[in-house]
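Below is one structure, written out as C-alpha cells, with a few remarks after it.
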Amino acid sequence: MNINKLIKEMESFASREKVPIMQDSSLLFILNYIKENKIETILEIGTAIGYSAIRMANENTYVTTIERDEARYLEAVKNVKLADLEHRIKLIFKDAFDTNIKDKFDLILIDAAKGKNREFIEKFQRNLKLGGTIIIDNIDFHGMVGKSSEIKSRNLRSLVRKIENFLKYLETQKEYKVEKINIGDGLIILKEEL
Ligand SMILES: C[S@@+](CC[C@H](N)C(=O)[O-])C[C@H]1O[C@@H](n2cnc3c(N)ncnc32)[C@H](O)[C@@H]1O
C-alpha cells in the first residue's frame with residue numbers, strides 16, 4: 023500500500039477510535055533529529071497502532087517497539103505489514119516493565135504511560151548506546167504541567183503531579199544533559215553526558 027495513503031488512514035483511525043498518536047510537529051522534529059544525528063536503531067516504548075514507528079522506519083533505521091494493549095498491537099501488526107516494513111520494525115506485545123531486551127539503541131523514545139517516565143528511563147537506560155539519546159513526549163501534558171493545583175479531578179491531578187515531579191528529578195540528575203523542546207505537547211531530550 024502507498025505509505026502516504028496508509029499514514030493518512032492511520033491518522034483517521036486514531037482520531038475515530040481515540041487512539042493517542044504523536045503530533046505531527048513533534049514527529050517532524052524527531053524525524054529531523056534522527057536524520058541529523060545519523061540514528062540507526064530506535065527503541066520505542068508505546069507503539070499504539072504503529073504510527074510513529076512506521077514514520078520513523080526508513081532505509082537507514084530499525085525500530086523495536088513495545089505495546090501492552092492487544093487490540094492496538096494487532097492493529098500495529100496489520101499496519102506494519104501494509105507498509106511493507108516488517109524487516110525494519112520489530113513489534114513486541116508485552117508490558118514494557120516485563121520486557122527484557124539485550125540490544126543497545128542509538129535512540130530510546132518514551133511515549134507510554136505518562137506518569138512512569140522516570141521508571142521507564144531506569145529500566146531501559148541500559149539499552150542505550152554510549153552517547154545515545156532518550157526522547158520523552160507529552161511533557162507539557164496539554165498545558166497542564168505546572169498547574170496541577172488548579173486541576174479538580176484527583177486522578178488527573180495525580181498524573182500531572184507525577185510529570186511535574188519527573189521534571190524536578192531531571193534538574194537533580196547528573197547523567198544526562200536535559201533539553202526541553204517547546205514543540206507539539208512538549209518534548210524532553212536527554213543526551214548522555216560523556
Ligand atoms: C501515546 S500512545 C503511543 C503512540 C505512538 N507512539 C504513536 O505516536 O503512534 C501510548 C501507548 O503506550 C502504551 N503503554 C502504556 N504503558 C505501557 C507499558 N508499560 N508497556 C507497554 N505499552 C504501554 C499504551 O497502551 C498506548 O497504546
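Here our numbering = 1-based position in the sequence shown + 22. All C-beta atoms, glycine included, are put in the ideal place defined by N, C-alpha and C. Given the structure is predicted, the values throughout are model-derived calculations rather than measurements.
Where residue i falls, given that 16 or more other Cβ within 10 Å makes a residue buried
i: D133; result: buried
i: G165; result: exposed
i: M23; result: exposed
i: A75; result: buried
i: L209; result: buried
i: L216; result: exposed
i: A93; result: exposed
i: S37; result: exposed
i: G68; result: buried
i: G206; result: buried
i: D46; result: exposed
i: K136; result: buried
i: D117; result: exposed
i: D128; result: buried
Which of helix, strand or coil DSSP assigns to residue i
i: V167; result: coil
i: K126; result: coil
i: E81; result: coil
i: E108; result: coil
i: E62; result: coil
i: I67; result: strand
i: I43; result: coil
i: I76; result: helix
i: I205; result: coil
Cross-strand partners of residue i (DSSP beta bridge)
i: Y198; result: E214
i: L178; result: According to DSSP, L178 bridges with nothing at all.
Chain C within 7 Å of residue i, Cβ atoms only
i: T63; result: The chain inventory of the structure shown lacks chain C, comprising one protein chain alone.
Inter-residue spacing [alpha-carbon to alpha-carbon] between residue i and residue j
i: Y73; j: V99; result: 11 Å
i: K169; j: Y191; result: 18 Å
i: E62; j: I130; result: 11 Å
i: T121; j: I161; result: 24 Å
i: I56; j: E89; result: 22 Å
i: T155; j: N59; result: 10 Å
i: Y198; j: N82; result: 26 Å
i: K126; j: S34; result: 34 Å
i: K112; j: V41; result: 20 Å
i: A87; j: E172; result: One point to set straight first is that residue 87 is Thr, not Ala, in the sequence displayed. Rounded to whole angstroms, T87 to E172 spans 35 Å at the Cα level.
i: V102; j: E108; result: 6 Å
i: L211; j: I185; result: For clarity, residue 211 is Ile in the given sequence; the question names Leu instead. Rounded to the nearest angstrom, the two C-alpha atoms are 15 Å apart.
i: L50; j: M32; result: 16 Å
Whole alpha helix (DSSP H) elements within the region 128 to 162, 4-residue minimum: 139 to 146
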